[in-house]
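Chemist: The following block contains the structure, expressed as structure tokens.
Residue numbers (my numbering): 839 to 902.
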């Protein structure tokens, strides 16, 4: 997991819950969006790692 995604998801969780408690739907919605942004960042980070691993694997096959 990427730290940036984690931070966005944590921030979103706080904003969503604060919005629920105080009845502020805008803040609650912003929290939901922040959590989604964090999830997307994590997914992109994971995909980039998978691509890097695949490239390394292919390079290794040609070096042998």
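Ideal Cβ placement from N, Cα and C applies to all residues, glycine included.
So, helix, strand or coil for residue 862, using DSSP?
Modeler: Sequence index remark: in the chain shown, residue 862 carries index 24 (1-based). If DSSP states are grouped into helix, strand and coil, residue 862 belongs with coil.
Chemist: Tell me whether residue 872 is buried or exposed, calling it buried when 16 or more other Cβ atoms sit within 10 Å of its Cβ.
Modeler: Stepping through the chain shown from its first residue, residue 872 is reached at position 34. Buried, by the Cβ-count rule.
Chemist: If we count Cβ pairs, one from each stretch, closer than 8 Å, do we get three or more for the segment 871-891 versus the segment 847-862?
Modeler: The segment 871-891 is in contact with the segment 847-862.
Chemist: Taking residue 866 as the reference, give the member of 894, 852, 885 and 898 with the closest Cα.
Modeler: In the chain shown, residue 866 corresponds to position 28, counting from 1. Nearest C-alpha to residue 866: 852.
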